[in-house]
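Numbering (the numbering used here) for the sequence shown: 3 to 445.
We put the CB at the ideal spot given by N, CA and C, even for glycine.
Quick notes on the structure that follows.
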Amino acid sequence: MLLEKIDLFITYPSVTTVRLLNKDNGQFELLACRNIDAGEWKKEFVIGSRVRARRVLDTMAPVTVRNLAADPTTHNASFYRRHGLISYASLPLVVRDEPLGVFNLYTKEEHEFTSQEMEFLTTLAGQAAVAIRNAQLYQQTERHLRRIEAVNEIDNAITSTLSLENVLKVLLEKIEPLCPIAVAAGVRFLDKESGKLVPIAARNIPLEEWRDHVARARGLLSRQLAGTKSPIVILNMLTDSRTSLHNFARKYGLVSYLGVPLIVKDEFIGNLVIYTKEQHEFSAEEIELFTILARQAAIAIHNARLYEETERRRHEAEELARVAGALTETLDPNVVGERIVTSVRQLFRVRGSTLRLRHVDGSFRRLASSGETFSQTSAGDAVLSGAGLTSRAIAEAKPVWSRDIVNDPEIVLTPEMREYQINSGNRSMIVAPLRAHDKLIGT
Numbered sequence: 003m004l005l006e007k008i009d010l011f012i013t014y015p016s017v018t019t020v021r022l023l024n025k026d027n028g029q030f031e032l033l034a035c036r037n038i039d040a041g042e043w044k045k046e047f048v049i050g051s052r053v054r055a056r057r058v059l060d061t062m063a064p065v066t067v068r069n070l071a072a073d074p075t076t077h078n079a080s081f082y083r084r085h086g087l088i089s090y091a092s093l094p095l096v097v098r099d100e101p102l103g104v105f106n107l108y109t110k111e112e113h114e115f116t117s118q119e120m121e122f123l124t125t126l127a128g129q130a131a132v133a134i135r136n137a138q139l140y141q142q143t144e145r146h147l148r149r150i151e152a153v154n155e156i157d158n159a160i161t162s163t164l165s166l167e168n169v170l171k172v173l174l175e176k177i178e179p180l181c182p183i184a185v186a187a188g189v190r191f192l193d194k195e196s197g198k199l200v201p202i203a204a205r206n207i208p209l210e211e212w213r214d215h216v217a218r219a220r221g222l223l224s225r226q227l228a229g230t231k232s233p234i235v236i237l238n239m240l241t242d243s244r245t246s247l248h249n250f251a252r253k254y255g256l257v258s259y260l261g262v263p264l265i266v267k268d269e270f271i272g273n274l275v276i277y278t279k280e281q282h283e284f285s286a287e288e289i290e291l292f293t294i295l296a297r298q299a300a301i302a303i304h305n306a307r308l309y310e311e312t313e314r315r316r317h318e319a320e321e322l323a324r325v326a327g328a329l330t331e332t333l334d335p336n337v338v339g340e341r342i343v344t345s346v347r348q349l350f351r352v353r354g355s356t357l358r359l360r361h362v363d364g365s366f367r368r369l370a371s372s373g374e375t376f377s378q379t380s381a382g383d384a385v386l387s388g389a390g391l392t393s394r395a396i397a398e399a400k401p402v403w404s405r406d407i408v409n410d411p412e413i414v415l416t417p418e419m420r421e422y423q424i425n426s427g428n429r430s431m432i433v434a435p436l437r438a439h440d441k442l443i444g445t
């Protein structure tokens with residue numbers, strides 16, 4: 003509307019633009035223009051280091067140039083020449099000493115701006131600044147209301163369930179409408195043993211592949227997030243040295259990154275990840291929004307994990323009581339053994355379980371097994387001394403375990419044992435001694 007009115011008072015050919023200051027990055031962004039194509043302006047107009055617009059706002063005073071081509075400070079000479087722009091006047095858009103941007107007038111014939119013209123343009127610029135500020139406040143209020151509604155909706159959704167899987171699913175589903183530029187999102191939990199963040203849920207990217215790439219990464223972001231407990235922004239994942247996921251990002255079109263910590267009772271438990279499909283500078287408002295969301299999500303996740311842990315312990319207690327009852331129903335050691343190994347598999351949801359008892363000759367031999375288990379030797383099932391995890395548990399008379407028995411340097415495996423573990427795909431293993439009256443009677 004402002005630019006249309008100017009055409010009524012300016013009798014000579016002209017081009018007008020309004021550019022607003024982005025306070026997050028300090029750059030001027032085109033809001034509106036007249037008598038020139040906006041797309042062409044955005045594409046061709048290059049902001050140089052000696053920006054007149056910045057000088058206008060710094061001094062809060064108009065700047066005029068009689069001939070842009072002859073002025074040594076002109077940065078876009080070829081652009082002005084191509085569009086026939088010769089003279090220039092720029093005025094600050096200011097409301098209550100707050101700089102908003104600049105109003106620019108370009109003429110297509112050389113022109114010396116009169117004091118009356120500058121007074122008229124200054125009045126229009128003042129009116130425009132007030133109108134722009136009011137529009138910004140209205141848009142900001144509307145945006146805040148929409149985001150508050152969205153955050154409340156997400157909060158209600160994630161707190162309405164105690165299933166961790168459902169909490170994560172709802173959280174990631176709701177992020178997309180909240181941040182339209184987001185192309186993918188995910189949640190990672192902190193593995194306290196390795197210090198790395200392990201992907202646990204993802205949307206629009208394959209979870210297993212993401213998890214595999216993260217496992218091979220250097221973990222710089224994980225350590226920084228855990229150490230600072232503050233959001234981390236990466237403008238371009240393809241070039242930033244802080245991330246090792248360049249190939250993964252390139253494959254799935256991930257450009258900018260926002261990592262927001264999940265914190266419960268001042269403890270860092272993981273982070274919420276937002277990826278964008280285009281290079282995007284997350285504003286302070288967006289970061290604050292996702293920080294609030296992450297804070298709510300962290301509480302919901304914590305509660306869901308507590309619930310699942312409570313349910314797991316309740317199930318274990320019930321199962322142990324059931325097993326204890328079943329064991330007292332018979333005195334047949336073979337039946338007791340079968341019930342024990344079957345219950346262990348069901349209780350711990352493992353691939354295999356074996357019960358061994360100590361014989362009078364001191365050897366430990368298999369009484370019962372369930373699922374995928376390894377026979378100690380091709381000739382029998384006695385435990386070989388000095389080989390395997392079971393022999394170590396017997397020697398140390400305490401529980402021992404390994405996260406990856408095939409690659410554990412502290413575990414000695416016979417060729418037969420190693421071949422079985424590799425072919426079966428079994429990796430993790432735990433062996434617990436059985437004691438009666440302070441005597442080791444089995445494993």
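DSSP state of residue i mapped onto helix, strand, coil
i: V337; result: helix
i: T379; result: Because the pLDDT at T379 is just 45, under 50, the model does not fix this residue reliably, and the value given afterwards should be weighed accordingly. In this structure, T379 counts as coil in the three-state DSSP scheme.
i: R429; result: coil
i: R98; result: coil
i: N136; result: helix
i: N238; result: coil
i: K441; result: strand
i: N273; result: strand
i: P179; result: helix
i: F115; result: coil
i: A131; result: helix
i: E283; result: coil
i: V257; result: coil
i: G86; result: coil
i: R145; result: helix
i: G327; result: helix
i: S387; result: coil
Beta-bridge pairing of residue i - partner residues as DSSP gives them
i: A91; result: T66 and L107
i: T278; result: A184
i: R316; result: Partner(s): none; R316 has no beta bridge.
i: V153; result: Partner(s): none; V153 has no beta bridge.
i: L199; result: L192
i: I265; result: F270
i: H359; result: A small fix is needed here, since residue 359 is Leu in this sequence, not His. Paired residues: R367 and G444.
i: R21; result: L32 and V104
i: V53; result: Paired residue(s): none; V53 is not in a bridge.
i: L349; result: Paired residue(s): none; L349 is not in a bridge.
i: L436; result: G444
i: G373; result: G354
i: S162; result: In the DSSP output, where bridge partners are listed per residue, S162 has none listed.
i: S16; result: T109
Own chain, CB closer than 7 Å to residue i, minus 5 neighbours either side, in chain order
i: T278; result: I183, A184, V185, V257 and S258
i: E178; result: A184
i: A399; result: P435 and L442
i: V172; result: A159 and I160
i: E318; result: L349
Same chain only: Cβ atoms within 8 Å of residue i, ignoring 5 sequence neighbours per side
i: I271; result: F191, L192, L264, I265, A300, I303 and H304
i: E155; result: K176
i: S117; result: none
i: W43; result: T19, L32 and C35
i: G382; result: Because G382 carries a pLDDT of 49, less than 50, the predicted location of this residue cannot be relied on, and the following value inherits that uncertainty. Contacts found: R367.
Neighbourhood of residue i by C-beta distance below 6 Å, restricted to the same chain and skipping five residues each side
i: H282; result: I183 and S258
i: T416; result: A389
i: N37; result: V17
i: T344; result: S372
i: H215; result: L247 and F250
i: S365; result: A384
i: H58; result: Sequence check: residue 58 is Val here, not His. Result list for V58: V65, S92, P94 and V104, in chain order.
Selection from the options that minimises the alpha carbon distance to residue i
i: L199; options: A306, N273 and L357; result: N273
i: K441; options: H361, T312 and D268; result: H361
i: A306; options: G444, L170 and E421; result: L170
i: G28; options: K253, Q142, R56 and K44; result: R56
i: G447; options: H317, E318 and K25; result: The question about residue 447 has no answer here: the residues shown for the chain are numbered 3 through 445.
i: S89; options: D214, P15 and E121; result: P15
i: L240; options: A384, T161, G255 and T13; result: G255
i: A423; options: S404, G444, T163 and Q141; result: For clarity, residue 423 is Gln in the given sequence; the question names Ala instead. Of S404, G444, T163 and Q141, the residue nearest in Cα terms is S404.
i: I202; options: K194, K176, E195 and W212; result: W212
i: D73; options: R84, D60 and R54; result: R54
i: E280; options: R149, L237, R314 and V337; result: L237
i: L23; options: F81, A79 and P101; result: P101
i: I234; options: D268, A71 and G261; result: G261
i: F11; options: E121, T66 and R68; result: E121
i: S181; options: E119, L93, F292 and R225; result: Note that residue 181 is Cys in the sequence shown here, rather than Ser. Comparing Cα positions, the closest option is F292.
i: D406; options: A395, M431 and M419; result: M431
i: L369; options: I342, K267 and D39; result: I342
**Message:** Does the segment 386-396 come into contact with the segment 407-423, if we say contact requires no fewer than three beta-carbon pairs (one atom in each stretch) closer than 8 Å?
**Reply:** With a cut-off of 8 Å on Cβ pairs, the segment 386-396 is in contact with the segment 407-423, counting three or more such pairs.
**Prompt:** Can you find at least 3 beta carbon pairs, one from the segment 217-224 and one from the segment 242-249, that sit closer than 8 Å?
**Reply:** The segment 217-224 vs the segment 242-249: in contact.
**Message:** For the pair the segment 128-140 and the segment 106-113, tell me if three or more CB-CB distances fall below 8 Å.
**Reply:** Contact between the segment 128-140 and the segment 106-113 is absent, because fewer than three Cβ pairs lie under 8 Å.
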